[in-house]
């Protein structure tokens, strides 16, 4: 799948629950969405033509071993019964064991999700820090060369296959120039030095005060994060520009200008204040998209994140792992949505 | 000459004489705005070119896209008889790119038909009916939105088997919810407008209202969305091809070509780069056109 | 200073440092550490009684001792004493009694006893996981292990149901499933009568050169040297196998000195890396075969002339000299080179006219076939090359690519017309391949002998089954070798298997790394002999 947060612009779930309606409704619909999410994943897992039993036993299993494992995995139970068992486990915080590596799925997710979180966070920071000013300037200087450049930068970002760009980036910046670290999160000999507290190596090494590890981790993350950052930059700068233009033509801007306010004051004090809510929604969406895990980026950079975890598990029919991963990603998406909804209500004067 | 002049004047009139006249006039004005946008026209030109290439592929391709020559593999750019070199099995890359354009257009056309229409259907029904129908449909839309896109598409392809048609279906499956949202939002604004009430008073049924009056009004914002999404769709199809779940070999689908060529990226970079450039060019063309169309069709964005 | 404060100042500081000073020099791994780039996504368990994948077998060979083992420095010598220092065979040839070596300890400090060996072999039979068939072919069953596998003092005796060639039995014990585990430690971690299976999946309890420090799925395997290893402490104190998928990424890591060894370089990257400074390419013949199988359930494919014709439709030389260059060489027999009874006769080559004539003889006109292949690039290319030559005799081939699990499930269900796949031997005895390619006692659907390649393709072997049965009990080495040569001669001509290539694994390594054995055609990698 494309990594760019382009194809599906996810709009906030705002229209469905208004401020007046009780929080119960919000929670209720979150729960219903989660339940649906689980159910659909569960069904997909069951209709997959990949045999989970073979996934466990391997190519040369005898038929007796096959039958025994089939039963042991509870596959002889009716579908709804299987789903019910699974659901009760999930509610207790138990995602079950990975059928492939015999570890609790929750443990695996605790390992892979921070890797994605770290990458996505740096990516979105790059995207916002560069994308928002670029969008603002492009809108203010509409039609100028800077606007054209911003447009090209954004459209190129939309249009570039990320796996190609990733491989080329790796070749140039790591292979030839040696400016950044190679695939993986750390050089081998820096591994397991700092205790894993958050699972995010930059944070862990900072807590431990081990700057050599921090530096190494940074040199590894900078390239994939810049790539992801570029893709969110493309989207964020376009949206910023569009929001800005809408506001710039509004009456209050003209009034402010007439009153003799400086152009910069008009832009940053008045206009920007008005678009920040929309902007937060857009940023939250991009962030959610990055947190889904960018499979292709993760593959190319040997980044052990949630995207490649779900994909690998899916292709080897490790359905507990897929379900667990999906629930976490879905939850993140829903939480971000509710969060941007909340901000909407706090900041947007019209909703009060 | 004068005929053209009068035609132009007729189209640009401020006082249209009929509904059809008005429609044509507004279309023509839109076209003029679009034409003044160099970048959009550039995008359109690329797409027209792509269409022509796909149409005349057998005439344009110097070789059979399947013809292998193991003794003549991984030839560089500009090698004798192979302008863009050859791939791992000694097949002419240019010929494969030319035939691959057909597949790209096929994917684009199918997704562009399926996803927005499905979204339109769900969105307008949900918005117009309101109440429980709305809640249920929007919950379903939410579920699909909250679903990790890649898992959905991968799972779908894995379940139905790899192949171009299934890849298209999988991408459509992940692409419809945003259209449903847009269509619903549009419907909500239109539904309460006076003119719909008037039609309702005249005795029109809900089906007629949705199909005859609401759909046409949603179309323009959907077209803009679809055009802008096209790049994402091409890239998604290429991504599935890259993971081995899209078109099956020996199909010259561009994403699959990148996947095949990426093994040689360090020493024979052109094998993956040429299809990469092709994807890039077409995606860019769609984006440029979409950007221009938005200026024309979607005045809300203030790009006028 | 609270944690958050430290974190923030630290992050700001670190950011500044990181941005300003990223080294551009070629890195080097520490002198006492071996770093290997390898694809390890097939790894599912570290329990030697269960594991059956290449990546795990490599790690397990370094973690566990066995009764008899193969010496990485002289693989051609065959099995030699390991944890057992000697053995005797009874008069009737059915019982082998091993005498355990004294003074060896497990990583835990527990002594290695005959009791541990008894426990390990019984455990493998009782758990009955996939690789258990390697031991079960000697007639061991969960019911009879009490009598057939017995420890007494420092001796362990095993009794087979028939008289087999002693070399066959001992060869099987060099397989991963022959690993001796630490009974006390393993049983201390038993849950619900699982023989410690759950615990051993992610831990080690052996006496080998290394112990498992950590295994992060799809990320890395870390091994820590065992200083008390009875053959002497290994030079490499840590061995890390890092999961790197792309060949290009592996090559970049190698060329920049971030890994010592890269194991999945494709021919083009091998060619490119060979010219890099400080990098040496090494070839090692392995046991894996690439083959194509024709489903005998298909009415046309089951005709002898058609089977023969297909063998002339493969461009062996063309593939070997192009996209398989240096990594696969033509080999048309089911026993890999160096195996007892292996032959080097490769009578088939691409011959479209001959294939056409054979097809005409069989009365086969145009037909359409489905060929299944898993998503490994060289296999897809083999399938496409075949598709190309088949098209020249009017056979249309549709390629279905899937994940290994998907394709395998259909292959095992006898659903594919043609399958392109690889097969690696499980233990260094000719029976390992003879017993699957040319052995199929019951060809009915009900038999469900999915472990046998001959059954999967619905082939009744035309009398080879009996010959394989006879060969496996032959005690005379030379006679036995001749029997396998005869079986292969018939197999080549009549079987629905088109054995095409044997693997030569090419690795790239730093020039200062020496002594790495991948295990040749018969076993797995050994790290304890490596020096830098």
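Protein chains in written order, with the numbering used here: chain A, 1 to 352; chain B, 1001 to 1304; chain C, 2001 to 2532. Even for Gly, the Cβ is constructed at its ideal location relative to N, Cα and C. Computed from a predicted structure; not experimentally measured.
Where the beta strand (DSSP E) containing residue i begins and where it ends
i               : result
residue 2080(C) : 2079 to 2081
residue 2530(C) : From DSSP, residue 2530(C) is part of no beta strand (DSSP E); its letter is neither H nor E.
residue 2159(C) : 2155 to 2159
residue 2379(C) : Run containing residue 2379(C): none in the beta strand (DSSP E); it sits in the alpha helix (DSSP H), 2377 to 2391.
residue 2243(C) : 2238 to 2243
residue 2089(C) : 2084 to 2089
residue 247(A)  : It is not in any beta strand (DSSP E) - residue 247(A) instead sits in the alpha helix (DSSP H) that spans 211 to 248.
Cβ pair residue i, residue j closer than 8 Å
i               : j               : result
residue 2121(C) : residue 2158(C) : yes
residue 2314(C) : residue 2265(C) : no
residue 87(A)   : residue 27(A)   : no
residue 1130(B) : residue 164(A)  : no
residue 237(A)  : residue 288(A)  : no
residue 2063(C) : residue 2211(C) : yes
residue 291(A)  : residue 130(A)  : no
residue 307(A)  : residue 295(A)  : yes
residue 2324(C) : residue 2501(C) : yes
residue 2061(C) : residue 2085(C) : no
residue 2305(C) : residue 2361(C) : yes
residue 2397(C) : residue 2380(C) : no
residue 2048(C) : residue 2176(C) : yes
Host alpha helix (DSSP H) of residue i (start-end)
i               : result
residue 2097(C) : Taken as a continuous stretch (DSSP letters only), residue 2097(C) belongs to no alpha helix (DSSP H), being part of the beta strand (DSSP E) at 2095 to 2100.
residue 158(A)  : 145 to 159
residue 2402(C) : From DSSP, residue 2402(C) is part of no alpha helix (DSSP H) but of the beta strand (DSSP E) over 2395 to 2402.
residue 1209(B) : No alpha helix (DSSP H) contains residue 1209(B), which DSSP labels as neither H nor E.
residue 2329(C) : Counting along the chain, residue 2329(C) falls outside any alpha helix (DSSP H), though it belongs to the beta strand (DSSP E) covering 2328 to 2330.
Three-state secondary structure assigned by DSSP to residue i
i               : result
residue 2068(C) : strand
residue 2371(C) : strand
residue 1091(B) : coil
residue 2008(C) : In this prediction, residue 2008(C) has a pLDDT of 41, which is less than 50 and means its spatial position is unreliable; nothing more can be read from the coordinates.
residue 2506(C) : strand
residue 2421(C) : strand
residue 2(A)    : Low confidence applies here, because residue 2(A) scores a pLDDT of 37, under 50, leaving its location unreliable; read the following figure in that light. Here residue 2(A) sits in coil by DSSP.
residue 2287(C) : strand
residue 1286(B) : helix
residue 200(A)  : coil
residue 2152(C) : strand
residue 2033(C) : strand
residue 2336(C) : coil
residue 1019(B) : helix
residue 2170(C) : helix
residue 2176(C) : helix
residue 33(A)   : helix
residue 343(A)  : helix
residue 1270(B) : helix
residue 2270(C) : helix
Q) Can you list, in chain order, the residues of the segment 1155 to 1167 of chain B whose Cβ is nearer than 8 Å to any Cβ on chain A? A) 1155, 1156, 1158, 1159 and 1161
Q | Residues, ordered as in the chain, of the segment 1017 to 1038 of chain B that lie near chain A by beta-carbon distance below 7 Å | A | none
Q.
Is it the case that the segment 2189 to 2209 of chain C contacts the segment 2473 to 2481 of chain C, given that we only count it when at least three CB pairs across the two stretches are under 8 Å?
A. no
**Q.** Contact residues within the segment 1179 to 1212 of chain B, judged by C-beta distance below 8 Å to chain C
**A.** none
(Q) Along the segment 303 to 317 of chain A, where does the CB come closer than 8 Å to a CB of chain C? Name the residues. (A) 304, 308, 309, 312, 315, 316 and 317
(Q) Give me the subset of the segment 2214 to 2233 of chain C whose CB atoms are less than 9 Å from a CB atom of chain A, sorted by chain position. (A) 2214, 2215, 2216, 2217, 2218, 2219, 2220 and 2222
Q) Contact between the segment 2252 to 2266 of chain C and the segment 2455 to 2472 of chain C: three or more CB pairs below 8 Å? A) no
Q. Would you call the segment 1243 to 1252 of chain B and the segment 2377 to 2389 of chain C in contact, with 3 or more CB pairs under 8 Å?
A. yes
Q.
Taking 8 Å as the cut-off, does the segment 1044 to 1061 of chain B touch the segment 1282 to 1298 of chain B (at least 3 CB pairs, one atom from each stretch)?
A. yes
Q: Note down, in chain order, all residues in the segment 80 to 106 of chain A with a beta-carbon under 9 Å from any beta-carbon belonging to chain C.
A: 97, 98, 99, 100, 101, 102 and 103
Q) Within the chosen definition, does the segment 87 to 106 of chain A reach the segment 165 to 179 of chain A through at least 3 CB pairs nearer than 8 Å? A) no
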